[in-house]
Amino acid sequence: MGLKIYWTEFSEKELTEIFKYYNRKANYQVAKKIVDGIYNETLKLKTQPEIGQIEELLKGRKQNFRYLVFNNYKIIYWINTNKNWVEINDVFDTRQNPPKIKRTK
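Going by the numbering used here, the first residue of the sequence shown is number 270, and it counts up by one from there.
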């Protein structure tokens with residue numbers, strides 16, 4: 270049995286914003302494909318939670334943040350062993366200013 274995947278309210282909001290952007294700029298199919306791809310990328314964390322690299326820009330925080338990359342998106346997460354889940358904290362467009370990643374709670 271693997272870990273559960275828990276999306277924070279903030280990360281869900283970011284995923285929704287990504288969908289809205291591509292739905293507006295491209296079309297529904299493109300938006301759905303990108304968001305589904307991001308979501309599906311996180312499923313591997315159920316059985317391989319340490320697959321992601323340590324996020325250097327978030328070192329020194331209470332949580333040990335890691336990340337996965339899907340296309341232009343960095344998926345920020347940490348492993349919550351107390352609750353037996355992987356917590357997705359942010360989905361960050363890697364084309365943005367890197368220090369903006371520090372918004373992750």
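Glycine included, C-beta positions come from ideal geometry on N, C-alpha and C.
Which of the three DSSP states is assigned to residue i in this structure?
i, result
"N351", "coil"
"K289", "helix"
"F404", "There is no way to answer for residue 404, as the model of the chain reaches only from 270 to 374."
"E324", "coil"
"K294", "helix"
"K376", "Absent from the structure is residue 376, since the part of the chain shown begins at 270 and ends at 374."
Near residue i, which residues of its chain fall below 6 Å by C-beta distance, leaving aside the five closest residues on each side in sequence?
i, result
"T277", "N358"
"V338", "none"
"R364", "N341"
Count the other CB atoms within 10 Å of the CB of residue i; is the residue buried (16 or more) or exposed (fewer)?
i, result
"G329", "exposed"
"E356", "buried"
"I307", "buried"
"T311", "buried"
"I348", "buried"
So the alpha helix (DSSP H) residue i belongs to, where does it begin and stop?
i, result
"L312", "297 to 312"
Check this for me: beta carbons of residue i and residue j, under 8 Å apart or not?
i, j, result
"Y336", "E324", "yes"
"N340", "I287", "no"
Who are the Cβ neighbours of residue i in its own chain at under 8 Å, not counting the five residues just before and after it?
i, result
"N366", "none"
"Y290", "A300"
"K315", "G271, L272, K273, I274, V355"
Which stretch, first to last residue, makes up the beta strand (DSSP E) that contains residue i?
i, result
"R335", "335 to 339"
Apart from the five residues just before and just after residue i, which ones in its own chain have a Cβ nearer than 7 Å to its Cβ?
i, result
"V360", "S280, E283, L284, I287, I307, Y342, I344"
"K313", "I320"
"Q332", "W347"
"P318", "L272, I348, V355"
"N292", "A300"
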